[in-house]
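Asker: First the structure, then my questions, so here it is.
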Ligand code: SF4
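Protein chains in written order, with our numbering: chain A, 744 to 1048; chain B, 7 to 174.
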């Protein structure tokens, strides 16, 4: 029994390490790729680490007093790391006993809600616009995520992420899961805050939106949380919708999962470069349509395709 | 420890904020030129940010008109330390063609401590990049530091013995 706990703790540490340390590296690779597509040299792929190191050591200028406001960046990063514990990475999720896909959806929403609250608390015009856009994106993307995960649950007859994963490995690709996977990928683009859905941050338009008032270490933690979130969601995508081939050997599965997540994020970066930004109403309309199309996946799942 | 880490990473990850303080727009266009893919400032880790709270470097253009001076001071306070200030263009360096005008303060250093001066009207994008490279220690300076002072009487006597001997 105690050996079991040790393994779980080890897995938990591993998942957190992947989310914390690999996320900036993947972001660096994405930036390099973006530069290559612009025919530039671009920053070194360790640039996000340098950015984080610099931001962490800078002065912390705070616009608002209050403990919750002060703790918001750390809470955001913490919620993303909790999310990482609920996601299988090559093997069972370390916190899998504590929650299924419904808990996962709630935990995934916490970081966006915290970001939104911080933006409203700092009370600048750009921050408020960014915060409300963040909220609208959350409202329109969440149904898509929910429907796609429910498709998996319906197919496998289980709510746990590991259950869906095992079912996928056993039964191979199906029509409904493929459609759900595509819808999940589109939602990932918005979750990662990449073009054409970076309406909440929109650097050229509302100057970073919800993050505009955050300086130094606070900005570093928020950025770090956002990068980790995009990596964790990419891993969730490949684990639930593309888990093949599965060797059943833990390190090999982990490496394969991380490689597949890299491919997914590279795709995200390419979509980011070749697209202009949508307006917020267009984004919402788009995701409404995606949500309805993913209902098709649900229908296929019901008739067993 | 974080402070030390920050010092090491600082020159490799400069985020710039561009402030127009009454410039004619010539300098602004050149600053934006530097950030285009053609010059690719991002390879040095330089990024344009839209909020002074995110910035490490202020690129100030223009002779600082009277109205904008208090705003510029507040802008400087909004930037978290450590920070650098670049004065871009002849106007920002010392007033330029508005030298001694009634409505300008004539130079950024009347308001803020300036770290680097980039003269030119407007400075070429290459000049701006060069100044940043000098600041980051990537390129050597083209002028050596030189200090001037008044010689003392003894030094004068040593340097020109004959004249002092021939004295009145
Ligand atoms: S230095 Fe020249 S180009 Fe720049 S703001 Fe002044 S007048 Fe315009």
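Glycine included, C-beta positions come from ideal geometry on N, C-alpha and C. Since this is a predicted model, take the numbers as computed values, not measurements.
Between the Cα of residue 84 of chain B and the Cα atoms of A:815, A:802, A:819, which residue gives the shortest distance?
Answerer: Of the listed residues, the one whose Cα sits closest to residue 84 of chain B is A:802.
Asker: Closest by CA to residue 855 of chain A, which one among A:980, A:1044, A:935, A:772?
Answerer: Of the candidates A:980, A:1044, A:935, A:772, the one whose C-alpha sits nearest the C-alpha of residue 855 of chain A is A:935.
Asker: Starting from residue 127 of chain B, trace the beta strand (DSSP E) both ways and give me its first and last residue.
Answerer: Residue 127 of chain B -> no beta strand (DSSP E), and no H or E assigned at all.
Asker: Kindly indicate which residue of B:25, B:115, B:110 has the alpha-carbon position closest to the one of residue 99 of chain B.
Answerer: Comparing Cα-Cα distances from residue 99 of chain B to each of B:25, B:115, B:110, the minimum goes to B:115.
Asker: Helix or strand or just coil, what does DSSP make of residue 30 of chain B?
Answerer: Three-state result, residue 30 of chain B: coil.
Asker: Would DSSP call residue 968 of chain A helix, strand or coil?
Answerer: Residue state, collapsed to three classes: helix.
Asker: Taking DSSP's pairing of strands, which residues face residue 92 of chain B in a bridge?
Answerer: DSSP lists B:65, B:122 as partners of residue 92 of chain B.
Asker: Would you decide whether residue 810 of chain A is buried or exposed? Buried here means 16 or more other CB atoms lie within 10 Å of its CB.
Answerer: Looking at its Cβ environment, which holds fewer than 16 other Cβ atoms inside 10 Å, residue 810 of chain A is exposed.
Asker: Rounded to the nearest angstrom, what separates residue 49 of chain B and residue 793 of chain A at their Cα positions?
Answerer: Their Cα atoms are separated by approximately 13 Å.
Asker: Between A:815, A:770, A:825, which lies nearest to residue 953 of chain A when the distance is taken from Cα to Cα?
Answerer: If we check each option's Cα against that of residue 953 of chain A, A:815 comes out closest.
Asker: In the DSSP assignment, the alpha helix (DSSP H) including residue 956 of chain A goes from what residue to what residue?
Answerer: Looking at the DSSP string, residue 956 of chain A is not in any alpha helix (DSSP H), and its letter there is neither H nor E.
Asker: Could you have a look at residue 987 of chain A and say whether DSSP puts it in helix, strand or coil?
Answerer: Three-state result, residue 987 of chain A: coil.
Asker: Can you grab the Cα-Cα spacing for the pair residue 807 of chain A / residue 862 of chain A, in whole Å?
Answerer: About 11 Å.
Asker: Short of 7 Å Cβ to Cβ, which residues in the region 955 to 972 of chain A face chain B?
Answerer: The region 955 to 972 of chain A vs chain B, Cβ under 7 Å: 955, 956, 957, 958, 959, 962.
Asker: I'd like to know if the region 988 to 1000 of chain A and the region 832 to 841 of chain A are in contact, where contact means that at least 3 CB-CB pairs between them fall below 8 Å.
Answerer: Output reads yes: the region 832 to 841 of chain A touches the region 988 to 1000 of chain A.
Asker: So who's on the other strand from residue 54 of chain B, going by DSSP bridges?
Answerer: Paired residue(s): B:22.
Asker: By how many angstroms is the C-alpha of residue 140 of chain B removed from the C-alpha of residue 44 of chain B?
Answerer: Between residue 44 of chain B and residue 140 of chain B, the C-alpha separation is close to 20 Å.
Asker: Is it the case that the Cβ atoms of residue 919 of chain A and residue 1040 of chain A are separated by a distance below 8 Å?
Answerer: Yes.
Asker: Would you say the beta carbon of residue 93 of chain B is closer than 7 Å to some non-hydrogen atom of the ligand SF4?
Answerer: It does not: the Cβ of residue 93 of chain B is nowhere closer than 7 Å to a heavy atom of the ligand SF4.
Asker: In chain B, what lies closer than 9 Å to residue 790 of chain A by C-beta?
Answerer: What residue 790 of chain A touches in chain B: 18, 19, 48, 51.
Asker: Taking Cβ positions only, does residue 783 of chain A come closer than 8 Å to chain B?
Answerer: Output row for residue 783 of chain A: interface = yes.
Asker: Which residue marks the beginning of the alpha helix (DSSP H) containing residue 16 of chain B, and which one marks its end?
Answerer: It is not in any alpha helix (DSSP H) - residue 16 of chain B carries neither H nor E in the DSSP assignment.
Asker: Along the region 800 to 831 of chain A, what residues have a CB closer than 9 Å to any CB found in chain B?
Answerer: Taking 9 Å as the Cβ-Cβ cut-off against chain B, the residues of the region 800 to 831 of chain A that qualify are 800, 801, 802, 803, 804, 806.
Asker: If I measure Cβ to Cβ from residue 817 of chain A and keep anything under 8 Å in the same chain, skipping five residues before and after, which residues do I get?
Answerer: Closer than 8 Å at the Cβ level, and outside the excluded window around residue 817 of chain A, lie 964.
Asker: Leaving out the 5 sequence neighbours to the left and right, which residues in its chain are closer than 8 Å to residue 59 of chain B when beta-carbon positions are compared?
Answerer: For residue 59 of chain B, where only same-chain residues beyond five positions count, the Cβ hits under 8 Å are 84, 85, 86.
Asker: Considering just the uninterrupted stretch of the alpha helix (DSSP H) at residue 48 of chain B, what are its terminal residues?
Answerer: Run containing residue 48 of chain B: none; DSSP gives neither H nor E here.
Asker: Give the range of the alpha helix (DSSP H) segment to which residue 899 of chain A is assigned.
Answerer: That run of the alpha helix (DSSP H) goes 868 to 899.
Asker: Is residue 84 of chain B close to chain A, meaning its C-beta is less than 8 Å from at least one C-beta of that chain?
Answerer: Yes, residue 84 of chain B lies at the interface with chain A (some Cβ there is under 8 Å from its Cβ).
Asker: Given that a residue counts as buried once 16 or more other Cβ atoms are within 10 Å of its Cβ, and exposed if not, what is residue 1015 of chain A?
Answerer: It counts as buried.
Asker: For the ligand SF4, is there a heavy atom less than 7 Å away from the beta-carbon of residue 68 of chain B?
Answerer: It does: the Cβ of residue 68 of chain B is within 7 Å (strictly closer) of some heavy atom of the ligand SF4.
Asker: Just to make sure I have the definition right: I need the residues of chain A whose C-beta is within less than 7 Å of the C-beta of residue 15 of chain B. Which are they?
Answerer: By Cβ distance, chain A contributes 793, 796, 797.
Asker: Tell me whether residue 128 of chain B, by its Cβ, gets closer than 7 Å to a heavy atom of the ligand SF4.
Answerer: Result yes, Cβ under 7 Å from the ligand SF4.
Asker: Does the Cβ of residue 752 of chain A have 16 or more other Cβ atoms within 10 Å, making it buried, or fewer, making it exposed?
Answerer: Exposed is the call here.
Asker: Assuming contact is defined by CB atoms lying nearer than 8 Å, are residue 902 of chain A and residue 844 of chain A in contact in what I supplied?
Answerer: Result yes, Cβ atoms of residue 902 of chain A and residue 844 of chain A sit closer than 8 Å.
Asker: Hey, residue 20 of chain B and residue 63 of chain B are a contact pair by Cβ (cut 8 Å); roughly how many whole angstroms apart?
Answerer: Going by Cβ atoms, the distance from residue 20 of chain B to residue 63 of chain B rounds to 5 Å, so yes, they are a contact pair.
Asker: Using three-state DSSP, classify residue 992 of chain A as helix, strand or coil.
Answerer: Coil.
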